[in-house]
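Protein chains in written order, with the working numbering: chain A, 725 to 860; chain B, 111 to 224.
Beta carbons are placed, not taken as given, at the ideal position from N, Cα and C, and that holds for glycine.
As the structure is a prediction and not an experimental result, all values here were calculated from the model.
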Amino acid sequence: MHLSYKITGGDFSNAGHASSAVKKVLKQLNVDVAVSRRVVVSLYEAEVNVVAHAWYGFIEVDIDDKGIQMVLTDEGPGIADVELAMKEGYSTASHQVREMGFGAGMGLSNIKKNTDFLKIDSEVGKGTRVEMKILF
Amino acid sequence: MKIGDIIRLTAGALISGTDQIEKRVEYAFASDLMSDVLRVEKPNLLLITGLVNIQAIRTAELSDISYIVFARNKKVTDDMKELAEENNMVLIESPYSLFRISGELYKAGIRPVF
């Protein structure tokens, strides 16, 4: 099964909309609650990152008999130092992002904790691609 | 502890979930940081927060948290209420601080997550 969503940068009121839609699909497919939770937490953090930092982005979700793959690609400022961004507590989030309850530098480590595979490719000034896999 | 008791102990006003007053809460977690909330995995959990915006509701929805108390008389907006109702959530507004709500509920037997 393939699902795709568009994310608009700065649209905080809709941040999490795609994650919510994916959660509902996983429930319909009777996916194990613990697996669904890992998918939803990872996807939501990644979705919030795109809303917080990029201009726009896309989410592609593929579900097969082995697990769930999620790829988020965005056009935006990119991440200058991915290793540093992965460090818990490090954040470049704006005041607006913090007001939404995020931006404490926990997002990427939350994603890492919940995924079986995580790959981040980024080019400064162009954008970021985040690939995540969660196995059944 | 029943939702009705939580309303009483926090001097709260029930904003959403009037049909769920008999539901029971076992654990509570207090935070304004949603990434922190996303790390909590407990059934029948109450979220106590000072963050009053749509992301508090969205985070609760995605974390399977059905009960939220908002501290310091902060007012739930219409879009928050709508999303909460879609997800059968209980929303309570309390005049007390995060500290006092936590203290009252801890004293009355609600368990901490950590």
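The beta carbon of I178/B does not come within 8 Å of any beta carbon belonging to chain A, so the residue lies off that interface. If you draw a straight line from the Cα of I113/B to the Cα of D129/B, it comes to about 10 Å. Per DSSP, reduced to three states, the secondary structure at A138/B is strand. Contact between L208/B and A140/B holds: their C-beta atoms lie close to 5 Å from each other, under 8 Å. Using a Cβ-Cβ cut-off of 7 Å, N834/A is close to S145, L148, R149 of chain B, given in chain order. Contact note: L172/B reaches chain A through G740, S743, S744, K747, V764, V765, Y768, using a C-beta cutoff of 8 Å and chain order. Going by DSSP, Q752/A is part of no beta strand (DSSP E) but of the alpha helix (DSSP H) stretching over 741-752. Beta-bridge pairing by DSSP links I158/B to A140/B, V179/B.
Sequence-ordered contacts of the stretch 819-831 of chain A with chain B read E823, M824, G825, F826, A828, M830, G831 [C-beta pairs closer than 8 Å]. Taking all protein chains shown into account, L753/A has fewer than 16 neighbouring C-beta atoms within 10 Å of its C-beta and is therefore exposed.
Think of a sphere of 8 Å around the beta carbon of S737/A: the chain B residues whose beta carbon falls inside it are I164, D189, in chain order. Separation of V772/A and I117/B (C-alpha to C-alpha, rounded to the nearest whole angstrom) is 32 Å.
DSSP lists no bridge partner for A166/B. In the structure shown, T120/B falls within a coil segment according to DSSP collapsed to helix, strand and coil.
Within chain A, the residues G740, Y768, G825 have their CB atoms less than 8 Å from the CB of T169/B, given in chain order. Chain-ordered, the chain A residues with CB closer than 9 Å to the CB of L161/B read E823, M824, G825. Scanning its chain for C-beta atoms nearer than 7 Å, with the 5 sequence neighbours on each side dropped, one finds around K843/A the residues E855, in chain order. By the criterion of a C-beta distance shorter than 6 Å, T732/A is surrounded in its chain by Y780, once the five residues flanking it on both sides are discounted. The C-beta of D115/B comes no closer than 8 Å to any C-beta of chain A. Taking 8 Å as the threshold, the shortest C-beta distance from D142/B to chain A falls below it.
For the pair E203/B and I131/B, the CB atoms are not nearer than the 8 Å cut-off. Only buried fits V755/A, as 16 or more other CB atoms lie within 10 angstroms of its CB. Taking all protein chains in view, the Cβ of F860/A is surrounded by fewer than 16 other Cβ atoms within 10 Å, so the residue is classified as exposed.
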